[in-house]
Amino acid sequence: QITAENFTFNPGFRFDVEFGYNIYDWLGVSLQTGVIYNGINQYNVTISSADPSLSGSYHQSADGELVQVPVQIDAILRWPGATSFKPFIGGGVGAIWQQLDVNNYYDGPNDIQGNYCRSAFQFGFNGQVGANYTVTPGVDFYGVFKLLGAFTPRIGNYDFENSYNFALEVGVQSRF
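Residue 278 in the working numbering sits at position 133 of the sequence shown, with consecutive numbering throughout.
This is how it looks when you write it as structure tokens:
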């Protein structure tokens, strides 16, 4: 009997688009979306059996990917004032579309075809902390650490533990 399953992922990439409005110098709201991609590294399974020689945890190399597309509303708190360097913190909630595609996994020398591809929408949340540096009025460089999470997502017939995706971003921001 399988008692637990999960996947570990390789580092991937993230592309974000965010449209926002500054209510005050120190408070902004935005609509955020983008694409997050991570390749599968391992398929991990825990088996419980009456035969102790079959029970245990197994870690198998796997091939596939997880694609996430968040659509979320955020609030961002910034350090107020006319300084070039402005730290910020923010968070938000919304939906996450996730697609899990497991092509195959390897049990020793055996290549087992997974052919599993499912997608679903879930409630999600995000948090971020970072800083902007104003180069010229309307153009900032920024660096940010982001967290995207979903509580017990269900993709197809898999119920996962809480899902967390971390990203470190640097970029250019345009304001008009």
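Glycine included, C-beta positions come from ideal geometry on N, C-alpha and C.
Item                                                                                                                                                         : Value
Restricting to Cα atoms, I'd like to know which of SER308, PRO232 and ASN151 is closest to THR279.                                                           : PRO232
Take every Cβ of the segment 204-220, pair it with every Cβ of the segment 235-249, and state whether three or more of those distances are shorter than 8 Å. : yes
Can you name the residues that DSSP bridges to PRO215?                                                                                                       : ILE241
On the DSSP letters alone, give me the boundaries of the beta strand (DSSP E) that ARG263 sits inside.                                                       : 255-281
May I have the straight-line CA-CA distance separating SER308 from ILE185, to the nearest angstrom?                                                          : 14 Å
Mind checking which residues open and close the beta strand (DSSP E) that includes SER198?                                                                   : Segment: none, SER198 is in no beta strand (DSSP E) and carries neither H nor E.
By a C-beta neighbour count over all protein chains shown, 10 Å radius and 16 as the cutoff for buried, is PRO215 buried or exposed?                         : buried
So what's ARG320 in DSSP terms, helix, strand or just coil?                                                                                                  : coil
Could you check the C-alpha separation between SER194 and ASP219 for me, to the nearest Å?                                                                   : 46 Å
For a quick check, are the C-beta atoms of LEU292 and ASN310 less than 9 Å apart?                                                                            : yes
Let me know the secondary structure DSSP gives GLU210 once reduced to three states.                                                                          : strand
I need the straight-line Cα distance from ILE300 to ARG263, nearest angstrom please.                                                                         : 6 Å
Below 6 Å CB to CB, which residues in the same chain sit around ALA312 once its five sequence neighbours on both sides are set aside?                        : ARG159 and LYS291
To the nearest angstrom, report how far apart GLY239 and GLY269 are at their CA atoms.                                                                       : 5 Å
Have a look at the DSSP bridge pairing and note the partners of THR178.                                                                                      : VAL162 and VAL216
Would you identify the three-state DSSP class for ASN307, choosing helix, strand or coil?                                                                    : coil
Measure from the alpha carbon of THR191 to the alpha carbon of each residue in TYR303, ALA149, GLY259 and PHE164, then state which is nearest.               : ALA149
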